[in-house]
Amino acid sequence: MSKYDFSGKATALLDVLLSFGNKTVVEGKAKSASRARSASQSRSQFIGVSKNGDKWQALITVNKRKTYIGSYSCEQHAAVAFDFYSIVLHYFTATTNFSYAKQDVIDMIANFKNNGDELRPEELHF
Numbered sequence: 001m002s003k004y005d006f007s008g009k010a011t012a013l014l015d016v017l018l019s020f021g022n023k024t025v026v027e028g029k030a031k032s033a034s035r036a037r038s039a040s041q042s043r044s045q046f047i048g049v050s051k052n053g054d055k056w057q058a059l060i061t062v063n064k065r066k067t068y069i070g071s072y073s074c075e076q077h078a079a080v081a082f083d084f085y086s087i088v089l090h091y092f093t094a095t096t097n098f099s100y101a102k103q104d105v106i107d108m109i110a111n112f113k114n115n116g117d118e119l120r121p122e123e124l125h126f
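In terms of UniProt numbering, the sequence shown has 123 at position 123, counting the first letter as 1, and numbering is strictly consecutive.
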């Protein structure tokens, strides 16, 4: 990952979430139809995800620079990883691929913290 302080932002987000009601905190947004219909085999149906060899990679823009998140064997895991970093950066206005309830985001933050500040989407169950 980059030098950006995702760990500090994740901790701050957790503090906000703990005082928040029990409901959906982030609504997923579908990728635009014109982009989703692309003939490119490297393009994903998900925001922030593309095919790189036999893996799916997730990238996010931080301070106007593309930042590599990681490579995943599953397209959906790459999408969840993108979503997590988007939520950490933008909180409740984040652009995400899926909708997340408060507990989902808390579980993602715990996974991130428990794995040395690295999200492992394959360990999440929601």
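Just so you know, even glycine gets a beta-carbon here, dropped at the ideal spot from N, CA and C.
Could you check what DSSP says for residue i in three-state terms: helix, strand or coil?
i, result
"residue 52", "strand"
"residue 103", "helix"
"residue 93", "helix"
"residue 124", "coil"
"residue 29", "coil"
"residue 82", "helix"
"residue 114", "helix"
Which residues mark the beginning and the end of the alpha helix (DSSP H) in which residue i is found?
i, result
"residue 67", "No alpha helix (DSSP H) holds residue 67; the beta strand (DSSP E) holding it covers 65-72."
"residue 9", "6-18"
How would you write the range of the beta strand (DSSP E) that residue i sits in, first residue to last?
i, result
"residue 24", "24-26"
Residue i and residue j look like a contact to me (Cβ under 8 Å); what is the Cβ gap, rounded to whole Å?
i, j, result
"residue 94", "residue 23", "The pair is not a contact, with the Cβ atoms about 16 Å apart (cut-off 8 Å)."
"residue 84", "residue 48", "At roughly 11 Å, the Cβ-Cβ gap does not stay under 8 Å, so residue 84 and residue 48 are not in contact."
In terms of DSSP beta bridges, what is residue i paired with?
i, result
"residue 47", "None; residue 47 has no bridge partner."
"residue 76", "Residue 76 pairs with nothing; no bridge assigned."
"residue 87", "Its beta-bridge partners do not exist; DSSP assigns none."
"residue 60", "67"
Could you name the residues of the same chain whose beta carbon sits closer than 7 Å to that of residue i, not counting the 5 residues immediately before and after it, in chain order?
i, result
"residue 88", "6, 9, 10 and 13"
"residue 43", "50"
"residue 104", "126"
"residue 119", "81, 84, 108, 111 and 112"
Please tell me whether, using a cut-off of 6 Å, the distance from the CB of residue i to the nearest non-hydrogen atom of the ligand NAP is below it.
i, result
"residue 28", "Because no ligand of any kind appears in the structure shown, any question about the ligand NAP cannot be addressed here."
For residue i, I'd like the list of residues in its chain whose CB is within less than 8 Å of its CB, leaving aside the five on either flank, ordered along the chain.
i, result
"residue 41", "51"
"residue 132", "Nothing about residue 132 can be read from this structure; the chain reaches only from 1 to 126."
Looking only at its own chain, which residues have a Cβ that is under 6 Å from the Cβ of residue i, when we skip the five neighbours before and after it?
i, result
"residue 97", "28, 46, 47, 79 and 83"
"residue 71", "55 and 57"
"residue 121", "77, 80 and 81"
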